[in-house]
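Quick notes on the structure that follows.
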Amino acid sequence: PVATSVSNDTNALCPLLVQALPVTVSLQILHLSYNHIECGTISDEIGSCLSTNKSLREIYLDYNSIGRSGAASIARGVKFNDTLRVLHLNNNSIGDEGTKAIADALKKNISLNHIGLGRNGIGQDGFMALRQVLEHSNNYALRFIHLDGNHGHLSVTNDQGPQQPNHGQ
Numbered sequence: 682p683v684a685t686s687v688s689n690d691t692n693a694l695c696p697l698l699v700q701a702l703p704v705t706v707s708l709q710i711l712h713l714s715y716n717h718i719e720c721g722t723i724s725d726e727i728g729s730c731l732s733t734n735k736s737l738r739e740i741y742l743d744y745n746s747i748g749r750s751g752a753a754s755i756a757r758g759v760k761f762n763d764t765l766r767v768l769h770l771n772n773n774s775i776g777d778e779g780t781k782a783i784a785d786a787l788k789k790n791i792s793l794n795h796i797g798l799g800r801n802g803i804g805q806d807g808f809m810a811l812r813q814v815l816e817h818s819n820n821y822a823l824r825f826i827h828l829d830g831n832h833g834h835l836s837v838t839n840d841q842g843p844q845q846p847n848h849g850q
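Quick note on numbering: our numbering labels position 66 of the sequence shown as 747, and the sequence is numbered without any gaps.
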């Protein structure tokens, strides 16, 4: 059967889609941006799915309302996922606490190479958690971190002393 109409009620459709993720073996890219996903059941299910799913390579969750607890749920799934390459959580109000959870996941994750954390209200504590991961982890896959539109800044140091801060980049 072919679907001829689709409900615009993303609160009803997203859970159904997310519940199917653990059994899918071919889906590689999932865009769920702008779907009013909030912290709670859906973000918990996404996190749970990411811990076992071996087909997803990219997931885009930008412009939802995931918040810090939703980010923590997703981070738990990302922590041991070895196939996910791209994770976008831009504009989800994850703040410092959600960023710390993501940073903790990055200590163990060996596959993510691109992460979007822009416009999330991340302050200095979140930036410091990310800096510690970059300086002290064995995560050599990570190539891009988008941090535009946040409040903190990363300062890079080398043998010659501190470099200019990279505000939100």
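The C-beta atom is built at its ideal place from N, Cα and C for all residues, glycine as well. All figures in this text were calculated on a predicted structure; none of them were measured in a lab.
Which one of D806, H795, Q805, R757 has the shortest CA to CA distance from D725?
Comparing Cα-Cα distances from D725 to each of D806, H795, Q805, R757, the minimum goes to R757.
Leaving out five residues on either side along the sequence, give the residues of the same chain with a beta carbon under 6 Å from the beta carbon of V706.
Cβ neighbours of V706 within its own chain (closer than 6 Å, five residues either side excluded): S736.
Residues near N790 by beta carbon distance below 7 Å, same chain, minus five either side
Non-local C-beta neighbours of N790 in its own chain, meaning closer than 7 Å and more than five positions away in sequence, comprise V759, K760, N762, N820, ordered along the chain.
Would you call F825 buried or exposed, if buried means 16 or more other Cβ atoms sit within 10 Å of its Cβ?
F825 is classed as exposed because its beta carbon has fewer than 16 other beta carbons within 10 Å across all chains shown.
Which term fits L811, buried or exposed, when burial requires 16 or more other beta carbons within 10 angstroms of its beta carbon?
Classification of L811: buried, given that the 10 Å Cβ count is 16 or more.
Beta-bridge partners of G797, as assigned by DSSP:
Per DSSP, H769, H827.
Sorted by chain position, which residues of the same chain lie with C-beta nearer than 6 Å to G748's C-beta, five sequence neighbours on each side aside?
So the list reads C720, S774, once near-sequence residues are dropped.
Taking the alpha-carbon positions, what's the P682 to Q700 distance?
Annotation note: pLDDT 41 at P682 (below 50); position unreliable, no value reported.
In the DSSP assignment, find the unbroken alpha helix (DSSP H) run with E778 in it and report its ends.
Residue range 776-789 is occupied by the alpha helix (DSSP H) that includes E778.
Please classify T733 as buried or exposed, where buried requires at least 16 other C-beta atoms within 10 Å of its C-beta.
With fewer than 16 other beta carbons inside 10 angstroms of its own, T733 counts as exposed.
Three-state class that DSSP yields for P843 in the structure shown
Residue placement at P843 cannot be trusted, given a pLDDT of 46 that sits under 50; what the coordinates show is reported in the next sentence. Here P843 sits in strand by DSSP.
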